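Below you'll find the structure, written out as structure tokens, and then a few comments.
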Amino acid sequence: ARNIARSYELNRHIWGNASVVHAVSDVTLSVGRNETLGIVGESGSGKSTTGRLLLGLEPPTRGAISFDGRPLPVIGSPEWRKSRMRMQMIYQDPLAALDRRLPIAKQMREPLDIHQAGSLRERDARVSELLRAVGLSDAVARRYPHELSGGQRQRVVLARALVTRPDLLVCDEPVSALDVSIQAQVVNLLSDLQAELGLAMIFISHDLRVVRQVSHRIAVMYLGRIVEEGEADDLFARPAHPYTRALVSAAPVPGTKLGGRIMLRGEPPNPANQPSGCAFHPRCSAAVARCKSEMPVLAELGGGRKVSCHLAGSPSENQADPSPART
Ligand code: SF4
Ligand code: MG
8 ARNIARSYEL NRHIWGNASV VHAVSDVTLS VGRNETLGIV GESGSGKSTT
58 GRLLLGLEPP TRGAISFDGR PLPVIGSPEW RKSRMRMQMI YQDPLAALDR
108 RLPIAKQMRE PLDIHQAGSL RERDARVSEL LRAVGLSDAV ARRYPHELSG
158 GQRQRVVLAR ALVTRPDLLV CDEPVSALDV SIQAQVVNLL SDLQAELGLA
208 MIFISHDLRV VRQVSHRIAV MYLGRIVEEG EADDLFARPA HPYTRALVSA
258 APVPGTKLGG RIMLRGEPPN PANQPSGCAF HPRCSAAVAR CKSEMPVLAE
308 LGGGRKVSCH LAGSPSENQA DPSPART
């Protein structure tokens, strides 16, 4: 995805005029086979919108998205339906994703039934194979969603997503609705399947700890923009953006030395009301005067790291700043 953006028009009845919400701005991302890209950020940071844009579930207002070297087909076209088989999405709430009235086998088989892929027996065999792959027994095939636990349901959703042998799997908060004790199991399962099947995976979560467990690379989003991106372990070891530092300090892992938790000040982001300059400045403890007026660009620091912060550039650049006074 190159420089993609998505804005929505909000009708504000109080003011009587429409305002535009920039949910995602100028996002460039890529994910390859055998790779998991984590996208982390608070709610309202544009993570989910980015996921839907990447899958072509909604069109970008600007920018271009390609899949397998080709532009994403127009939404609703026959090519789009075909490409949808190769890209699957998993959401937070497995119960909402499943049809309560149908037994598991029937809903897992659905894409195969539509395309008459093999005999009924072959389709059922595929369902059993996938249920086992996600650690469930064949018996689950005859059950209904309400007869399963939350963890089992999310495994079913995952198995169903794999029925069409996708190349890309986008998981949006896939374990956030699960008990903490179950979360690790499902995260490990996702990780194993990604490696086993060579999937390209995008893992979206507000929980940096969970993202770290599965991701090779991580992109940190704030108010619709990527503020930092890097190789997962490296990002944790030396977060360069003040926002990433705050997130990492709130989710410490062995080997991270940051000297205590950095608290985020002020309000969580509101995409309808973006601050001037660096959108993070009202909450940034490192902010300098120019942060209020000048938006930093996402610059390459080398080693696959990209950071969008006035203070993360070359040191000479920082010294050239005539107004280093804290705001
Ligand atoms: Fe903080 Fe300024 Fe960097 Fe933004 S540009 S993260 S406000 S120091
Ligand atoms: Mg979301």
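Counting from 8, one number per residue, gives the positions in the sequence shown under the UniProt record's numbering.
The beta carbon of each residue, even a glycine, is placed where N, CA and C say it ideally should be.
The structure displayed is predicted, hence computed values, not measured ones.
Coil, strand or helix - residue i by DSSP
i: residue 269; result: coil
i: residue 280; result: coil
i: residue 141; result: coil
i: residue 215; result: helix
i: residue 130; result: helix
i: residue 149; result: helix
i: residue 295; result: strand
i: residue 167; result: helix
i: residue 248; result: coil
i: residue 183; result: coil
i: residue 115; result: helix
i: residue 188; result: helix
i: residue 300; result: coil
i: residue 135; result: helix
i: residue 196; result: helix
i: residue 155; result: coil
i: residue 287; result: coil
i: residue 258; result: coil
i: residue 203; result: helix
Closer than 7 Å: residue i CB and nearest the ligand NAD heavy atom
i: residue 47; result: The ligand NAD is absent from the structure shown, which contains only the ligand SF4 and the ligand MG.
Straight-line gap, residue i to residue j (C-alpha atoms, nearest Å)
i: residue 52; j: residue 303; result: 17 Å
i: residue 125; j: residue 147; result: 22 Å
i: residue 198; j: residue 100; result: 19 Å
i: residue 181; j: residue 283; result: 33 Å
i: residue 13; j: residue 33; result: 9 Å
i: residue 201; j: residue 96; result: 14 Å
i: residue 160; j: residue 108; result: 14 Å
i: residue 288; j: residue 299; result: 6 Å
i: residue 229; j: residue 55; result: 12 Å
i: residue 84; j: residue 63; result: 11 Å
i: residue 71; j: residue 319; result: 28 Å
i: residue 243; j: residue 250; result: 12 Å
i: residue 235; j: residue 215; result: 13 Å
i: residue 128; j: residue 41; result: 31 Å
i: residue 69; j: residue 131; result: 43 Å
i: residue 275; j: residue 57; result: 19 Å
i: residue 162; j: residue 296; result: 50 Å
i: residue 256; j: residue 246; result: 10 Å
i: residue 116; j: residue 31; result: 35 Å
i: residue 43; j: residue 222; result: 5 Å
i: residue 286; j: residue 122; result: 47 Å
Bridge partners - residue i, DSSP secondary structure assignment
i: residue 208; result: 43, 176
i: residue 228; result: 233
i: residue 121; result: Residue 121 is not bridged to any residue.
i: residue 238; result: 224
i: residue 5; result: As displayed, the chain neither begins before 8 nor continues past 334, which places residue 5 out of reach and without an answer.
i: residue 3; result: A query on residue 3 cannot be resolved here, the shown segment of the chain reaching from 8 to 334 and no further.
i: residue 9; result: 71
Residue i versus the options, residue with shortest Cα-Cα distance
i: residue 174; options: 228, 37, 205; result: 205
i: residue 138; options: 196, 64, 226, 87; result: 196
i: residue 88; options: 49, 135, 171, 318; result: 171
i: residue 37; options: 249, 48, 192, 11; result: 11
i: residue 144; options: 123, 128, 129, 166; result: 166
i: residue 188; options: 156, 211, 210, 219; result: 156
i: residue 308; options: 238, 43, 193; result: 238
i: residue 212; options: 41, 40, 9, 50; result: 50
i: residue 381; options: 252, 253, 93; result: Nothing in the structure corresponds to residue 381, since the chain is present only between 8 and 334.
i: residue 280; options: 27, 251, 311; result: 27
i: residue 15; options: 231, 209, 306; result: 231
i: residue 103; options: 208, 315, 152, 48; result: 152
i: residue 290; options: 248, 29, 91; result: 248
i: residue 293; options: 111, 311, 149, 271; result: 271
i: residue 178; options: 114, 76, 217, 186; result: 217
Chain B within 8 Å of residue i, Cβ atoms only
i: residue 91; result: In the structure shown, chain B cannot be found, because there is only a single protein chain.
Curious, which full-length alpha helix (DSSP H) runs of at least 4 residues does the region 32–110 contain? Under the rule that a run must span 4 or more residues, the alpha helix (DSSP H) segments found entirely inside the region 32–110 read 54–61, 85–93, 101–104.
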